[in-house]
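Enquirer: Each residue of the sequence shown is one higher than the last, beginning at 9 in the working numbering.
Note that CB positions come from ideal geometry on N, CA and C, so glycine has one too.
Take a look at the following structure, please.
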Amino acid sequence: QAPRVTPLLRLERKIFSSWFIWLTSPSRAGDPQQRDFEKLMTEVDGQLQEAKSIAEANAKPSGFFLGEAPSIVDCMFAPFLERMAASVPYYKGLVIRGNPRWPHVNAWFDAMEATPAYQGIQSDFYTHSHDLPPQIGGCRSHPEAQPYADQIDGLDGSWRLPLKEGIEPANMLPPDAARRQAAERVIYNHKNLVPFALRAVGTPGFPPVGAALSDPRATADLSFSPHLDASLRHTVHALLSAPDSDTCPPLSPGLPSHTVKQSLAYLRDRISVPRDMSFSAARQLRAHLNLIIDSV
9 QAPRVTPLLR LERKIFSSWF IWLTSPSRAG DPQQRDFEKL MTEVDGQLQE
59 AKSIAEANAK PSGFFLGEAP SIVDCMFAPF LERMAASVPY YKGLVIRGNP
109 RWPHVNAWFD AMEATPAYQG IQSDFYTHSH DLPPQIGGCR SHPEAQPYAD
159 QIDGLDGSWR LPLKEGIEPA NMLPPDAARR QAAERVIYNH KNLVPFALRA
209 VGTPGFPPVG AALSDPRATA DLSFSPHLDA SLRHTVHALL SAPDSDTCPP
259 LSPGLPSHTV KQSLAYLRDR ISVPRDMSFS AARQLRAHLN LIIDSV
């Protein structure tokens with residue numbers, strides 16, 4: 009399949025350019041920019057179908073752009089197909105993952121997600137959708153995208169227990185393993201998480217930075233450290249003792265409701281995948297932070 013490499017790399021640059029221009033430009037659902045992107049997605053799907061046919065003709069397994077194993081072509085496509093799958097539903101209302109129009113693209117994602125190397129670097133829709141605008145100067149939304157944006161941001165109840173499947177596949181870790189990973193990450197980082205979350209009730213940094221979820225110059229109100237420490241301990245307890253239950257274990261008396269709610273929400277909204285943990289663990293931690301927030 010070596011002769012296919014150069015044309016595939018050219019196709020990667022074409023779909024990247026189409027996505028980038030569409031994402032950052034004012035547009036309407038179904039306009040020429042969207043049609044161009046969808047046409048190139050279909051071309052990518054066709055190339056993956058061709059790779060599968062070649063592999064089957066030679067009695068070999070398939071799943072990747074050049075057959076049975078990841079190659080330089082997969083490495084070039086992966087970062088941007090991943091970002092497309094996250095940002096296009098969030099900003100433009102077009103779902104890629106699970107869309108029957110592109111079955112071979114979805115089979116490629118499944119194959120990539122089965123490789124340990126990719127599992128360690130894959131991000132989630134929320135992280136990509138919020139870290140793209142400050143990197144590229146802003147993204148332009150379609151009104152039709154709002155339900156998907158709400159789901160990705162957890163505003164439709166998707167970040168509450170019991171967790172439900174949405175437009176983003178979440179089958180990488182079993183729920184019990186995901187809860188344990190989330191709990192371990194909080195325990196390991198708890199000394200840093202307390203002052204970080206207390207930025208929510210401290211003093212905003214000056215001058216502000218361009219990323220909405222970033223405030224590295226903020227000053228935390230450390231007078232509430234014992235209360236935040238207790239709240240994070242309750243979060244870990246819920247993760248480990250009440251799997252998938254929407255009933256909160258008993259909380260310590262005297263927790264200041266407003267401070268705890270604001271601080272845990274600040275932390276929840278800044279969980280980054282894969283920097284902090286896997287997507288499966290992040291789903292669990294976001295939901296269990298909401299459990300404490302709703303109960304305090």
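Beta carbon of THR243, beta carbon of LEU297: below 8 angstroms?
Expert: yes
Enquirer: Nearest CA to the CA of TYR339: which residue from MET285, GLY101, THR267, VAL304?
Expert: Any property of residue 339 remains undetermined from this structure, which presents the chain solely from 9 to 304.
Enquirer: Consult DSSP for GLY174 and reduce its assignment to one of helix, strand or coil.
Expert: coil
Enquirer: With DSSP as the reference, identify every bridge partner of PRO210, one or two as the case may be.
Expert: First, the residue type needs correcting, since residue 210 is Gly and not Pro in the sequence shown. Answer is none; GLY210 lacks a bridge partner.
Enquirer: Using the Cβ count rule (16 or more neighbours within 10 Å means buried), how would you classify GLN189?
Expert: buried
Enquirer: Measure from the alpha carbon of PRO261 to the alpha carbon of each residue in MET49, ILE279, SER239, then state which is nearest.
Expert: SER239
Enquirer: Just to confirm my understanding: we take TRP110, look at its own chain, exclude 5 residues before and 5 after, and list those with CB closer than 6 angstroms. What are they?
Expert: Answer for TRP110: MET49, ASP53, listed in chain order.
Enquirer: Since PHE72 sits in a beta bridge, which residues does DSSP pair it with?
Expert: GLY75
Enquirer: Please name the residue in MET84, PHE204, HIS150, ILE144 whose C-alpha comes closest to that of ILE23.
Expert: Out of MET84, PHE204, HIS150, ILE144, MET84 has the C-alpha closest to the C-alpha of ILE23.
Enquirer: In terms of residues, what are the limits of the alpha helix (DSSP H) holding HIS150?
Expert: From DSSP, HIS150 is part of no alpha helix (DSSP H); its letter is neither H nor E.
Enquirer: Enumerate in chain order the residues of its own chain whose CB-to-CB distance from VAL81 is below 7 angstroms, with the five nearest sequence positions on each side excluded.
Expert: VAL13, LEU16, LEU17, PHE73, LEU74
Enquirer: Would you mind reading off the limits of the alpha helix (DSSP H) that contains THR14?
Expert: Note, THR14: alpha helix (DSSP H), 13 to 32.
Enquirer: From the DSSP output, read off the bridge partner residues of THR123.
Expert: DSSP, once it has assigned bridges, lists no residue as partnering THR123.
Enquirer: When you compare the CB of PRO78 with every CB in chain B, is at least one pair closer than 8 angstroms?
Expert: The chain labelled as chain B is not found in the depicted structure, where only one protein chain is given.
Enquirer: Sort ALA122, GLU46, ASP302 by Cα distance to GLY165 and report the nearest one.
Expert: ASP302
Enquirer: Would DSSP call THR50 helix, strand or coil?
Expert: helix
Enquirer: State yes or no: is the C-beta of VAL202 within less than 8 angstroms of the C-beta of ASP237?
Expert: yes
Enquirer: Tell me the DSSP secondary structure of THR243 in three-state form.
Expert: helix
Enquirer: Taking all protein chains shown into account, decide if PHE214 is buried (16 or more other Cβ within 10 angstroms of its Cβ) or exposed.
Expert: With fewer than 16 Cβ atoms within 10 Å of its Cβ, PHE214 is classed as exposed.
Enquirer: Among the residues of its own chain, which have a CB less than 8 angstroms from the CB of ASP277, if the five just before and after it don't count?
Expert: Short of 8 angstroms from the beta carbon of ASP277, and not among the five residues preceding or following it, lie these beta carbons of its own chain, in chain order: LEU221.
Enquirer: Secondary structure at THR255, three-state DSSP: helix, strand or coil?
Expert: The answer is coil: DSSP assigns THR255 none of H, G, I, E or B.
Enquirer: Go to THR267, then tell me how far its alpha helix (DSSP H) extends in each direction, as first and last residue.
Expert: Note, THR267: alpha helix (DSSP H), 265 to 276.
Enquirer: Let me check one thing: in DSSP terms, what residues is THR227 bridge-paired to?
Expert: For THR227, which the question treats as bridged, DSSP gives the partners THR211.
Enquirer: Taking only runs of the alpha helix (DSSP H) that begin and end inside the stretch 84 to 125, which ones reach a length of at least 4 residues, in chain order?
Expert: As for any alpha helix (DSSP H) of minimum length 4 sitting wholly inside the stretch 84 to 125, the runs are 111 to 121, ordered along the chain.
Enquirer: Using a threshold of 8 angstroms, state whether the C-beta atoms of ALA191 and SER288 are closer than that.
Expert: No Cβ-Cβ contact shorter than 8 angstroms links ALA191 with SER288.
Enquirer: Does the Cβ-Cβ distance between ILE29 and PRO97 come in under 8 angstroms?
Expert: no
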